[in-house]
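If you read the sequence shown in full-length UniProt numbering, its first letter stands for residue 1, the second for the next number, and so on.
Here's the structure we're looking at; comments come further down.
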Amino acid sequence: MADILLPREGSKWVMTQAKDVKIIEAGVKKVNNYVVPGYWALCAAVNRALAEGKEITSAQVFSKITKEELKHVLRSDTEREIPLLDERVKNLHQAGKVIMELYDGSIINMVKAADKSAMKLLDMIVSNIESFRDTAMYEGKRVALYKRAQILIADIWAACEGRGLGEFTDIDELTMFADYRIPQVLCWFGVLDYSVELMEKLKSKHVFNNGDREEVELRAASIKAVEMIVKETKALLKNNEGDYVVNSSVVDFYLWEYRREKAKECDIIPFHRCRCIYY
Numbered sequence: 001m002a003d004i005l006l007p008r009e010g011s012k013w014v015m016t017q018a019k020d021v022k023i024i025e026a027g028v029k030k031v032n033n034y035v036v037p038g039y040w041a042l043c044a045a046v047n048r049a050l051a052e053g054k055e056i057t058s059a060q061v062f063s064k065i066t067k068e069e070l071k072h073v074l075r076s077d078t079e080r081e082i083p084l085l086d087e088r089v090k091n092l093h094q095a096g097k098v099i100m101e102l103y104d105g106s107i108i109n110m111v112k113a114a115d116k117s118a119m120k121l122l123d124m125i126v127s128n129i130e131s132f133r134d135t136a137m138y139e140g141k142r143v144a145l146y147k148r149a150q151i152l153i154a155d156i157w158a159a160c161e162g163r164g165l166g167e168f169t170d171i172d173e174l175t176m177f178a179d180y181r182i183p184q185v186l187c188w189f190g191v192l193d194y195s196v197e198l199m200e201k202l203k204s205k206h207v208f209n210n211g212d213r214e215e216v217e218l219r220a221a222s223i224k225a226v227e228m229i230v231k232e233t234k235a236l237l238k239n240n241e242g243d244y245v246v247n248s249s250v251v252d253f254y255l256w257e258y259r260r261e262k263a264k265e266c267d268i269i270p271f272h273r274c275r276c277i278y279y
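Right, dumping it as structure tokens:
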């Protein structure tokens, strides 16, 4: 990853060049009145496939899963087929092969090999599994966004409440997980400001290609904005008693949940559309 700007530095670079997305500091301060940092409850991991006896979480199984099998696992209550099914099969095969060959078939072994370092685990993931290499060229520099790789690590941390397998001494080094929903809620809060041209594209439901300038700016701005929110929130809580956990992962979790709970209000801001394997 030597020639790639990691998400934190990459987002800073993008925002020095951004044309269609700006960060509004007053909006950053506004979010502080809503963010409630703390430990997150144990994440539920049981899904329908496991309940039906399909060991979909086993690398031995998903490294060889067929398109029809995955289609059945991911079936909906309607006749609509999940998009990018071929890509999903390919991604599972890639990840499963790496886990089988390098970590004796267990993601637990992979996590343990990271020696409690979130950043080491991040490097292991993106170096070995192609589908996690979420990067883009922006103004001559390759910047990393790493949404799926970082949220994988953060979910392990959150599910284990930062203990045992989920103990990472550098968890605060992760950035938020740049997708299409967090920019939407950040814009709703007044943290992000869009150009007229970008807003028109969003309202028209324009579908961006992964790596388009506007798409990169939206995601990078979200990373940078959440970093600013973390800094402001820590300053706000500096003199408060209590064992607070304030990092980009926690703020991302909060904003995602907030948008879901306030969907009707937040949906006055159009979200950006991009069909790809990275988010």
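Built from N, CA and C at the ideal position, the CB exists for glycine as well.
Check for me: the alpha helix (DSSP H) holding residue i runs from which residue to which?
| i | result |
| --- | --- |
| ASP155 | 147–159 |
| TYR254 | 248–261 |
| VAL185 | 181–189 |
| ILE171 | Element bounds for ILE171: n/a, residue is neither H nor E. |
| ASP123 | 118–128 |
| LYS112 | 107–113 |
When DSSP labels each residue in this structure, what does residue i get in the three-state scheme?
| i | result |
| --- | --- |
| ALA45 | A caution first: ALA45 carries a pLDDT of 26, below 50, which makes its placement in the model unreliable, though a value can still be read off. Reduced to three states, the DSSP call for ALA45 is coil. |
| THR233 | helix |
| LEU5 | strand |
| LEU74 | coil |
| ASP193 | strand |
| ALA144 | strand |
| ILE223 | helix |
| LYS64 | coil |
| VAL207 | strand |
| TRP40 | Low confidence applies to TRP40: its pLDDT is 31, below 50, so where it sits in the model is not reliable, and the reading given next is rough at best. It is coil, neither helix nor strand. |
Note down the Cα distance separating residue i from residue j, rounded to an integer number of angstroms.
| i | j | result |
| --- | --- | --- |
| LEU218 | ASP243 | 33 angstroms |
| LEU102 | ASN240 | 45 angstroms |
| THR175 | LYS67 | 33 angstroms |
| THR57 | VAL21 | 38 angstroms |
| ILE229 | VAL31 | 7 angstroms |
| SER195 | LYS19 | 8 angstroms |
| GLU9 | ALA235 | 22 angstroms |
| ALA159 | GLU257 | 16 angstroms |
| LYS90 | PHE132 | 12 angstroms |
| LEU237 | LYS224 | 20 angstroms |
| PHE168 | LYS116 | 4 angstroms |
| GLN17 | SER204 | 25 angstroms |
| LYS112 | TYR138 | 34 angstroms |
| ALA49 | ARG273 | 29 angstroms |
| ALA95 | ILE277 | 13 angstroms |
Please name the residue, chosen from the options, that lies closest to residue i on a Cα-to-Cα basis.
| i | options | result |
| --- | --- | --- |
| VAL73 | ALA59, GLU55 and GLU87 | GLU55 |
| ASP134 | GLU215, GLN184, GLN17 and ILE65 | GLU215 |
| SER106 | ALA49, GLN60 and ASP123 | GLN60 |
| GLY164 | PHE208, ALA225, ALA114 and ASN128 | ALA114 |
| PHE260 | ASN210, LYS71, GLN184 and GLU232 | Reading the sequence as shown, one finds Arg at residue 260 and not Phe. Closest by alpha carbon: GLN184. |
In terms of residues, what are the limits of the beta strand (DSSP E) holding residue i?
| i | result |
| --- | --- |
| ALA136 | 135–138 |
| ILE82 | First-last for ILE82: undefined, no H or E at that position. |
| LYS54 | Element bounds for LYS54: n/a, residue is neither H nor E. |
| LYS29 | That residue, LYS29, is in no beta strand (DSSP E); its alpha helix (DSSP H) goes 25–31. |
Answer with yes or no whether the minimum CB distance from residue i to chain B is below 8 angstroms.
| i | result |
| --- | --- |
| LYS112 | The structure shown has no chain B; it contains just one protein chain. |
Would you call the segment 186–203 and the segment 260–275 in contact, with 3 or more CB pairs under 8 angstroms? Using a C-beta cut-off of 8 angstroms, the segment 186–203 makes contact with the segment 260–275, since at least three inter-stretch Cβ pairs fall below that distance.
Given 8 angstroms as the limit, is there contact between the segment 137–147 and the segment 23–31, that is, 3 or more CB pairs closer than that? Contact check between the segment 137–147 and the segment 23–31: fewer than three CB pairs, one atom from each, fall below 8 angstroms, which does not count as touching.
Cβ pair count under 8 angstroms reaching 3, the segment 156–174 against the segment 247–260: Touching, per the Cβ criterion.
Can we say the segment 120–130 touches the segment 148–167, given the rule of at least three CB pairs closer than 8 angstroms? Three or more Cβ pairs closer than 8 angstroms define a contact, and the segment 120–130 meets that threshold against the segment 148–167.
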